[in-house]
Every structure is written in C-alpha cells, then in structure tokens.
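Okay, so here's the structure we're looking at.
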Amino acid sequence: GKLSGGVNEAGIKYYNNLINELLANGLQPYATIFHWDVPQALEEAYAGFLSPKIVDDFQDFANLCFERFGDRVKHWITLNEPWTFAVTSYDYGTTAPGRCSTWRNNNCTGGDSATEPYIVTHYQILAHAAAAKLYRTKYKVDTKTYMDPLVFGDYSRLMKSLIGARLPRFTAEQSNLVKGSLDFLGLNYYTANYAAHVTNFENDVVNVSYTTDNRANLTTSLNGVPIGEKAGSDWLYVYPQGIKETLLYIKKNYKNPIVYITENGIDEINNSSLTLKQALTDNFRIRYYSRHLANVVEAIKEGVNVKGFFAWAIMDNFEWDSGFTSRFGLNYVDFTGGLKRYPKLSAKWLTNFLKK
Numbered sequence: 001g002k003l004s005g006g007v008n009e010a011g012i013k014y015y016n017n018l019i020n021e022l023l024a025n026g027l028q029p030y031a032t033i034f035h036w037d038v039p040q041a042l043e044e045a046y047a048g049f050l051s052p053k054i055v056d057d058f059q060d061f062a063n064l065c066f067e068r069f070g071d072r073v074k075h076w077i078t079l080n081e082p083w084t085f086a087v088t089s090y091d092y093g094t095t096a097p098g099r100c101s102t103w104r105n106n107n108c109t110g111g112d113s114a115t116e117p118y119i120v121t122h123y124q125i126l127a128h129a130a131a132a133k134l135y136r137t138k139y140k141v142d143t144k145t146y147m148d149p150l151v152f153g154d155y156s157r158l159m160k161s162l163i164g165a166r167l168p169r170f171t172a173e174q175s176n177l178v179k180g181s182l183d184f185l186g187l188n189y190y191t192a193n194y195a196a197h198v199t200n201f202e203n204d205v206v207n208v209s210y211t212t213d214n215r216a217n218l219t220t221s222l223n224g225v226p227i228g229e230k231a232g233s234d235w236l237y238v239y240p241q242g243i244k245e246t247l248l249y250i251k252k253n254y255k256n257p258i259v260y261i262t263e264n265g266i267d268e269i270n271n272s273s274l275t276l277k278q279a280l281t282d283n284f285r286i287r288y289y290s291r292h293l294a295n296v297v298e299a300i301k302e303g304v305n306v307k308g309f310f311a312w313a314i315m316d317n318f319e320w321d322s323g324f325t326s327r328f329g330l331n332y333v334d335f336t337g338g339l340k341r342y343p344k345l346s347a348k349w350l351t352n353f354l355k356k
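Numbering of the sequence shown is given in the working numbering, commencing with residue 1 and proceeding in unit increments.
So this is what it looks like as structure tokens:
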C-alpha cells in the first residue's frame with residue numbers, strides 16, 4: 001500500500017514482460033495507473049480516497065510506475081472512470097469498499113451517499129493533479145462533474161449552487177495545481193439515457209445522494225420506445241449519435257482538448273447453447289462499431305480533436321459484477337476449454353476497416 005512497505009518486484013516483472021511483449025508486436029501501450037483497486041492497507045489505515053493522505057501515496061505509486069515503465073510507456077491515464085468509482089463505491093455501495101447511506105442499501109459498511117462521493121471525487125482530482133505535476137516536472141521535458149477543475153481550476157458555479165456545503169473546496173494552491181493538469185482526455189462511451197427533470201427534489205431532504213443531485217430521472221425509453229437496440233447488459237442501449245454529441249459538448253465547453261476514445265463497445269449474454277460458429281457471428285457488434293466510428297468521424301470533421309480510438313474489448317473477459325456472463329470481446333474466449341481464443345466476425349471486420 002505505501003512505498004515505505006516495499007515494492008512487489010514480481011508485479012514489476014509481470015508488467016515489464018507485458019509491456020515488452022506489446023512493443024515486440026508493434027503495439028504502443030497506454031497505461032492506466034488506477035482502476036478502482038485501492039490497496040487494502042490504505043483502506044484500513046485512513047479509508048482510502050476519503051482521506052487527503054491518499055494524494056501523497058498515489059503520487060508515490062505513480063512515481064514508481066513512471067520510474068520502472070516510463071522508458072517504454074509514453075501515454076499515461078491516471079484514473080479510470082472516476083465518476084463510476086465514486087458512484088458505485090460510495091453512493092450505491094455496490095463495489096468496494098461498499099459504502100453508502102442506509103436508505104440506499106442496508107448492506108453497506110457505513111457511509112453517506114450525499115457527501116462521500118464528493119469527497120472521493122475531490123481527492124481523485126487532487127491525486128491526478130499531483131501525479132500529472134510530478135510527470136511533467138520530473139519525466140516529461142515538453143508538454144502541451146471533473147472537467148471544470150481540470151480545465152478551469154474549480155467546480156462550476158452550477159455545481160456549487162446545487163451541492164452547497166457538501167461540495168469540498170479547492171484552496172488557491174490546489175486550484176493552480178489542478179488547472180490544466182491534463183494533456184488529453186480519455187472518453188469512455190457505451191450508451192445514453194433520456195433525462196426528465198425532477199420537480200419535487202427540494203421536498204426530499206432525507207434521501208439525498210451524489211446521483212440525485214443532478215435533479216433528473218434517467219430512463220432508457222420515451223413513451224415506451226427504447227432509446228436504441230438493447231445489448232446484453234441491462235444498462236446498454238445502442239445510441240451511436242451520442243458519442244458525437246458528447247465530443248461536440250467537450251469541444252464547446254472545455255477548450256477542445258485532445259481526446260482519446262478509451263473505451264467503446266457492446267456485449268452479448270454468454271450463451272452456452274450456441275455453437276462456436278454462431279458465437280463468432282456477431283453482426284450486431286459490427287453495426288455498433290460501424291455506426292459509432294462514423295459519428296466519431298463526423299465529430300472530427302466538425303473540429304473535435306480526437307486522436308485515437310480503443311475498442312472494448314480485445315477479448316471476452318471477467319466483466320466486474322457480471323463476471324463471465326457478459327461478452328464484450330472482439331475475440332471469443334472459451335472459458336471451459338482452456339481459454340482458447342477465436343476471432344469473431346467483428347475482429348475481422350475491424351481489422352479490414354483499419355487497413356483501409
């Protein structure tokens with residue numbers, strides 16, 4: 001957990017081997033420093049991202065990564081889906097450390113859905129900024145509800161007015177540290193929702209949380225009509241134009257930063273009754289990528305600064321709380337047959353697309 005506790009050299013060896021193998025095959029690694037795995041030692045010592053102490057320990061961890069891997073890894077992502085981490089872990093309480101208000105979930109291990117997600121968000125931003133400053137000053141000679149602090153140095157006026165005293169504040173020094181601390185923005189896009197205004201929010205002073213503060217009900221249908229074709233996961237409906245709309249919003253409101261689409265994809269339910277040939281015929285995934293990539297191209301033509309696109313995922317994998325029941329991969333993995341891999345039709349389509 002802490003640098004003073006020593007370094008796991010076996011872990012260093014694993015990532016060295018992985019990075020070297022990627023480079024040997026002509027693949028440039030983009031490494032994510034934090035993907036929701038707070039060390040248990042830091043949870044027990046000071047409650048992880050609920051404490052300002054996490055900032056220094058995160059910086060130490062980032063420094064170790066830069067030192068050991070930076071000669072080969074030139075693109076770093078500090079935090080994976082920080083909003084999702086704050087919501088699922090500290091508002092809904094469905095992922096570790098499972099904290100939330102009792103009205104939200106009786107199984108939570110303590111917590112406050114109205115305040116803790118904002119505290120965690122605050123220290124994620126500061127941890128990111130500390131790592132970014134370290135990299136820029138020590139390793140990089142030349143450089144060119146999260147975006148407002150990262151671009152402007154503070155939360156938006158709307159956010160301050162809605163959240164009030166529950167929203168942590170940046171000091172002047174922290175604001176200067178955070179402002180301009182991104183070289184590029186990683187955007188994960190899968191789906192979209194309809195939003196309806198909640199008119200009686202002010203009357204509910206008990207059931208307040210990070211996700212109710214947006215004053216909106218999010219739905220996947222309007223007048224009984226789904227927003228798009230449903231995927232395997234309950235939350236994923238196909239809405240390709242949403243990726244273009246999001247990119248244009250970023251351009252308009254946040255000074256048109258460099259953007260990488262760091263995740264985009266669709267899943268199917270793992271169906272053991274399908275033959276291998278049937279499982280590899282994923283025309284729905286080809287439609288998904290074709291339509292989303294077309295919208296990305298349209299956004300680029302309208303001036304959005306998109307520099308790269310990552311498909312989720314290269315292969316079927318363990319999808320968090322969905323486990324092996326959901327398949328997002330371009331390549332099929334036989335979970336019961338020695339994990340042998342087979343390219344799906346979408347993998348062949350994407351290969352041909354990229355060659356054009």
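Glycine is no exception: its CB is placed at the ideal position from the N, C-alpha and C atoms.
Beta-carbon gap between residue i and residue j smaller than 9 Å
| i | j | result |
| --- | --- | --- |
| P97 | T121 | no |
| L236 | Y194 | no |
| F85 | Q124 | yes |
| K344 | L330 | yes |
| I269 | D183 | no |
| K251 | E302 | yes |
| R68 | N16 | yes |
| G1 | D71 | no |
| A192 | Y249 | no |
| A231 | S181 | no |
| Y14 | I77 | no |
| Y357 | G111 | The chain is shown from 1 up to 356; residue 357 falls before or after that span and cannot be answered. |
Supposed contact pair residue j and residue i - C-beta distance, whole angstroms, cut 8 Å
| i | j | result |
| --- | --- | --- |
| I261 | V296 | 7 Å |
| L187 | T145 | So it is not a contact: roughly 14 Å between Cβ atoms. |
Paired residues, beta bridge with residue i - DSSP
| i | result |
| --- | --- |
| L185 | V259 |
| H197 | A216 |
| Y332 | Y342 |
| Y237 | K230 |
| I314 | The partner list for I314 (beta bridge, DSSP) is empty, contrary to what the question assumes. |
| V225 | L222 |
| S326 | I269 |
Contact set for residue i: own chain, Cβ-Cβ below 7 Å, skip 5 residues either direction
| i | result |
| --- | --- |
| N63 | L134 |
| V87 | P117, Y210, T211 |
| V333 | M315, D316, L339, R341 |
| D142 | Low local confidence applies: a pLDDT of 43 at D142 is under 50, so the model's placement there is unreliable, with the coordinate-based value given in what follows. So no residue of the chain qualifies. |
| V55 | Y123, L126, A127, A130 |
| E43 | P97 |
| N207 | W103 |
| P168 | Y118, I119, H122 |
| I163 | Y118, D213 |
| L23 | R72 |
| W349 | I286 |
| F324 | N270, F318, F335 |
| G228 | Y237, V238, Y239 |
| V7 | L64 |
6 Å Cβ shell around residue i - same chain, five flanking residues per side excluded
| i | result |
| --- | --- |
| L3 | D60 |
| Y358 | There is no way to answer for residue 358, as the model of the chain reaches only from 1 to 356. |
| A196 | N217 |
| W36 | F85 |
| R285 | I266, S346 |
| F309 | I261 |
| S175 | G153, D154 |
| G93 | R99, C100, N105, C108 |
| M147 | Y254 |
| F34 | L79 |
| K244 | N295, E298, A299 |
Any non-hydrogen atom of the ligand PLP closer than 8 Å to residue i Cβ
| i | result |
| --- | --- |
| A131 | With respect to small molecules bound, the structure shown includes none, and the ligand PLP cannot be examined in it. |
Other residues of its chain near residue i: CB distance less than 8 Å, five sequence neighbours each side excluded
| i | result |
| --- | --- |
| F438 | Outside the shown range of the chain, which is 1 to 356, sits residue 438, and nothing can be said about it. |
| P226 | T220, Y237 |
| K307 | F184, I258, V259, Y260 |
| S156 | D148 |
**Prompt:** Which residue spans inside the segment 280-311 form an unbroken beta strand (DSSP E) run of at least 3?
**Reply:** 306-309
**Message:** Restricting to runs no shorter than 3 residues, where is the beta strand (DSSP E) found entirely within the segment 28-116?
**Reply:** 30-34, 75-79
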